[in-house]
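To start, the structure itself, in structure tokens.
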Amino acid sequence: MSVFYSVTGTDLTTDRLILRSWTAGEVSAVLDGARPSHWAGDFPAEGDHVIAGLFAEHPAWLGEYGHRQIVERDSGLVVGSIGLFWPPADGVLEVGYGVVASRRGRGYASEATCALTEFAFTAPDVHTVQADVESSNMPSIRVLEKAGYRRSHTDTERNTARYVAVQR
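Using the UniProt record's numbering, read the sequence shown as starting at 1 and increasing by one per residue.
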């Protein structure tokens, strides 16, 4: 899957989505349980709470190549989040993503993953983006495959599989 995206400031824009950097106010809202009007009714999900709680320990995750909210262009609502776990280790970054239940099945996660992965390859010395997923999580595996990732290995002890995208 190849997705055309454009960069405006720190935002990445695809056909249907805007991948927008988190603001300090939005991080606080997640942590405080606030409900801004520009969030889908089921945002934030559990994973968003976890990530928001880690931003203070990992400020680089909020940088240019860090975590972003997934915004539906048509509605303007935040429907998920996606991020790169910065900085790279030996040229490798990890990606993580999640879309709220009310917006799943629309291809948003694959579209966002593809765009953020292509953008990650513009970072100096980054040549690989990877994701570890539970082997039983078929929807997440499909997201990665649609975004052009390939299985590199399976950890049977942990019941996970690693998927990678390599810069071409």
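Each residue gets a CB set at the ideal place from its N, CA and C atoms; glycine is no exception.
| Check | Outcome |
| --- | --- |
| Same chain, Cβ closer than 6 Å to Ala120, five either side skipped, listed in chain order | Leu84, Leu93, Val126 and Val129 |
| Helix, strand or coil at Tyr136 according to DSSP, with G and I counted as helix | The residue asked about is misnamed: residue 136 is Ser in this sequence, not Tyr. In this structure, Ser136 counts as coil in the three-state DSSP scheme. |
| As assigned by DSSP and simplified to three states, the class of Glu72 | strand |
| C-beta neighbour in chain D for Ser140, strict 8 Å | Of the protein chains in the structure, only one exists, and it is not chain D. |
| For His153, the first and last residue of its enclosing alpha helix (DSSP H) | It is not in any alpha helix (DSSP H) - His153 instead sits in the beta strand (DSSP E) that spans Arg150 to Asp155. |
| Local conformation of Thr128 per DSSP, three classes | strand |
| Alpha carbon of Ser135 to alpha carbon of Ile141, nearest angstrom | 8 Å |
| Secondary structure of Gly53, DSSP reduced to three states | helix |
| In DSSP terms, what Trp39 is bridged to | Val78 |
| Beta carbon of Leu144 nearer than 8 Å to that of Ala123 | no |
| Host beta strand (DSSP E) of Glu94 (start-end) | Val92 to Val99 |
| Short Cβ contact (8 Å threshold) for Leu52 with Leu19 | The sequence given here has Ala at residue 52, not Leu. No, the pair does not count as a contact, with Cβ atoms beyond the cut-off. |
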